[in-house]
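Asks:
Protein chains in written order, with the UniProt record's numbering: chain D, 1 to 393; chain S, 1 to 376.
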């Protein structure tokens, strides 16, 4: 094995990779025992803190196993040491503007709406769909974001839309035209002819750029300049984007917490526990006529009805045994035991439900039995299981 | 000591008082064949006799301290090692860290709320063995100040980079102290999220124990009326350490500190964080694909969830990939191996030609095992 060619950015005295790897044993064996034979130094080898000469110094309160100095040594991902481009410098903290939901701050905020034709909306939707910042949005958030995009006509070629090194507040979608991307290795636009640096790419219609600005105010990583006349951009600013997400998330969480408060099985939860559960609820949409839970199936999840209507049926009974509306819940006994579903629940309209799995519940709060023991769960109102005959299954 | 005496000499405007004081001191020293200084000394000595303990002294000003040197700088703060400018000789031999924030920067960077949280939380965490002890806070026309205990060991970051990585015992030692910090902040203090855990914010005291510093992003999530933590929405932290729920603006809680704790232990053991890139946006894209595969819960693991490999292929990470073209090798590989002729083996490492195993395959073994090899 060759010795490492890696040079530490922290000076020669601190590079523990100067020594070569032991290669005394056969190759097969070396692979098998790589951990043991790896001589790359760590705090427990004599390279570390030579002045102390005392390995146990770093053993800490958990040491005492008397294991050799090799314990805990790790092989790097490759023998040469470290990822070549990793910047080992101090990392700067970042922060967006501090935002408070409307319900907390009593101001009146509604997302801006810039009307667009359906074709245009479809194009813009397509353009942002592959972006990780938008792929997690629900339908409502997504339509608000699309509505908030504002048109920025770029009439001529050569207009700098964003400038490397400048503070960034906007994200842009290219609807028509194209833009060239330049990066100056010095990290910002420099004066002079070649100040923009190297052309590293082109963004065509349907592309987008500047998404980091939607997260926090960071210097632009590149200069983007129109490559032809008559381009059309659509812009979205950070505060609008973050507020849209925050307001809808905040409202949904409070709604969930409100729903959960009405579930007798969960009556003994503290508000903090309810908020944790609200956090773990997963929103699901079903079309009309979908069987959400099926009688006789093992129950694993509990459901809250967020919107729409549903009905419960029992086999051998054509008429519904229970109606559900917004805020109602069903299947909660699944949190308690593995008894089969006592009835089927079918959507009567398009419905949105919030689902909580038994396992998620237990991961967060521990066994439901313990929660139950806090209060007596007798004769209280439940979802479908309140009808005794159904429960005997 | 002369530095603390108010001077009317021209100091560039906007300069921090301690910098201005340092300039004055330098000017005084330069001018000193001693006249100026001697003229000031008697006045100084009169003050020096009074005992001075900044922790109990009441309203402090920056003139109560002289700067020794800067210990660190951040986006809108500077931390200086300082000594009291007056007091008994014992008082003046003590050292403190003074964190200085410029009001205009705090406003410009929209950190007004954060600075107020920092002050409140620093006061409430006082006395924990692994958290920086704050002694006082004060302000003048242009600056805000936090007077903190001085933690002489420097940043754990420095040691981690110097030694490249820690062995498991070392990592466990620090991680254990961090767990106690988070337990205290989250559970004993009623839901304080720290939100900026990283080796840069962990100092070592003279005995090698951790002191958590910089509560600039810490926030009390416990709501005073209902007493329960409410999620918060402001994106803050350090790119490599941001939890996914922060990136996706889903509202976050103290859980973000446990995410950062995982990143921290990874960085302790390997020397670099699991997600990193020069362009932070790429870090956030990495999460999306890696975490969907590396999920312990198999019911959530990408590829194993409904849809199988089709869901993998549809992931934004693979956007633009023509799977048919992949199968038919329509693109040249990004790395072309330097193969000079068909039997060229230069792309392989060199291995010993003998494995040195001389054990015989005996009749007894043949009898027992030969059947397993019959298809060969």
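C-beta atoms are modelled at their ideal positions from N, C-alpha and C, and glycine is treated no differently.
Around the Cβ of residue 234 of chain D, are there at least 16 other Cβ atoms within 10 angstroms (buried) or fewer (exposed)?
Replies: buried
Asks: What three-state label does DSSP hand residue 156 of chain S in the structure shown?
Replies: helix
Asks: Identify the continuous beta strand (DSSP E) that holds residue 174 of chain S and give its terminal residues.
Replies: Taken as a continuous stretch (DSSP letters only), residue 174 of chain S belongs to no beta strand (DSSP E), being part of the alpha helix (DSSP H) at 168-183.
Asks: In terms of alpha-carbon separation, which member of D:94, D:366 and D:140 lies closest to residue 246 of chain D?
Replies: D:140
Asks: Could you name the residues of chain S that residue 245 of chain D contacts, counting a contact when the two beta carbons are closer than 7 Å?
Replies: 249
Asks: Since residue 401 of chain S is in the alpha helix (DSSP H), which residue starts that stretch and which ends it?
Replies: Nothing about residue 401 of chain S can be read from this structure; chain S reaches only from 1 to 376.
Asks: Using a Cβ cut-off of 7 Å, pull out every chain S residue sitting near residue 211 of chain D, in sequence order please.
Replies: Here the neighbours are 281.
Asks: Using a threshold of 9 Å, state whether the C-beta atoms of residue 238 of chain S and residue 113 of chain D are closer than that.
Replies: Not closer than 9 Å, so no.
Asks: At the level of alpha carbons, what is the spacing between residue 244 of chain D and residue 58 of chain S?
Replies: 45 Å
Asks: In this structure, does DSSP put residue 103 of chain S in helix, strand or coil?
Replies: Reduced to three states, the DSSP call for residue 103 of chain S is helix.
Asks: From what residue to what residue does the beta strand (DSSP E) around residue 95 of chain S run?
Replies: Element bounds for residue 95 of chain S: n/a, residue is neither H nor E.
Asks: Give the C-beta separation of residue 118 of chain S and residue 268 of chain S to the nearest angstrom, bearing in mind that I take them to be a contact with Cβ-Cβ under 8 Å.
Replies: Wrong, their Cβ atoms sit about 26 Å apart, outside the cutoff.
Asks: Can you list the residues of chain S that residue 183 of chain D reaches, using a CB-CB cut of under 9 Å?
Replies: The contacting residues do not exist; residue 183 of chain D stays about 10 Å from chain S at best.
Asks: Using DSSP with H/G/I as helix, E/B as strand and the rest coil, what is residue 50 of chain D?
Replies: Note that residue 50 of chain D scores a pLDDT of 35, beneath 50, so its modelled location is shaky; the value from the coordinates is reported in the next line. Here residue 50 of chain D sits in coil by DSSP.
Asks: Could you check whether residue 333 of chain D and residue 342 of chain D sit closer than 9 Å to each other, using their CB atoms as the reference points?
Replies: It is a contact, given that the beta carbons lie within the stated cut-off.
Asks: Is DSSP giving residue 252 of chain S helix, strand or coil here?
Replies: In the structure shown, residue 252 of chain S falls within a strand segment according to DSSP collapsed to helix, strand and coil.
Asks: Can you list, in chain order, the stretches of the beta strand (DSSP E) that have 3 or more residues and sit fully within the stretch 182-219 of chain S?
Replies: 202-204 and 210-212
Asks: How many Å lie between residue 58 of chain D and residue 175 of chain D at the Cα?
Replies: In this prediction, residue 58 of chain D has a pLDDT of 37, which is less than 50 and means its spatial position is unreliable; what the coordinates show is noted afterwards. If I take the Cα positions, the gap works out to 59 Å.
Asks: Between residue 164 of chain D and residue 221 of chain D, which are expected to be in contact by the criterion C-beta below 8 Å, what is the C-beta distance as a whole number of angstroms?
Replies: 7 Å
Asks: Quick one: grab the DSSP three-state call for residue 324 of chain D.
Replies: strand
Asks: Under 9 Å between C-beta atoms, does residue 319 of chain S make it to chain D?
Replies: yes
Asks: Does DSSP classify residue 305 of chain S as helix, strand or coil?
Replies: coil
Asks: In its own chain, which residues sit with a C-beta less than 6 Å from the C-beta of residue 362 of chain S, not counting the 5 before and 5 after it?
Replies: Here the set comprises nothing.
Asks: Between residue 177 of chain D and chain S, is any beta-carbon pair separated by less than 9 Å?
Replies: no
Asks: Enumerate in chain order the residues of its own chain whose CB-to-CB distance from residue 134 of chain D is below 8 Å, with the five nearest sequence positions on each side excluded.
Replies: 128, 142 and 145
Asks: Is it right to say residue 68 of chain D is buried, meaning 16 or more other beta carbons lie within 10 angstroms of its own, or is it exposed?
Replies: Per-residue confidence for residue 68 of chain D stands at a pLDDT of 35, beneath the threshold of 50, marking its modelled position as unreliable; no derived number is given.
Asks: In its own chain, which residues sit with a C-beta less than 7 Å from the C-beta of residue 159 of chain D, not counting the 5 before and 5 after it?
Replies: The residues are 225 and 226.
Asks: Tell me which residues share the same chain as residue 270 of chain S and place their Cβ nearer than 7 Å to its Cβ, disregarding the 5 neighbours each side in the sequence.
Replies: 165
Asks: Residue 130 of chain D touches chain S at which residues, Cβ-Cβ below 7 Å?
Replies: 316 and 319
Asks: Roughly how many angstroms lie between the CA atoms of residue 199 of chain S and residue 214 of chain D, to the nearest whole one?
Replies: 27 Å
Asks: Chain S partners of residue 199 of chain D, CB-CB under 8 Å?
Replies: Neighbours of residue 199 of chain D on chain S: none; closest Cβ ~17 Å, over 8 Å.
Asks: CB-CB under 8 Å to residue 109 of chain S, same chain, minus the five flanking residues each way: which ones, in chain order?
Replies: Only 75 and 76 meet the Cβ criterion.
Asks: Consider the Cβ of residue 136 of chain D: report whether some Cβ of chain S lies at a distance smaller than 9 Å.
Replies: yes
Asks: Name the chain S residues whose beta carbon is nearer than 8 Å to that of residue 97 of chain D?
Replies: Within 8 Å Cβ-Cβ: 110 and 234.
Asks: So is residue 231 of chain S buried or exposed if we call it buried at 16+ other beta carbons inside 10 Å?
Replies: The residue is buried, with at least 16 neighbouring Cβ atoms inside 10 Å.
Asks: Taking only three categories from DSSP, how would you classify residue 337 of chain S?
Replies: Of the three classes helix, strand and coil, the one that applies to residue 337 of chain S here is coil, per DSSP.
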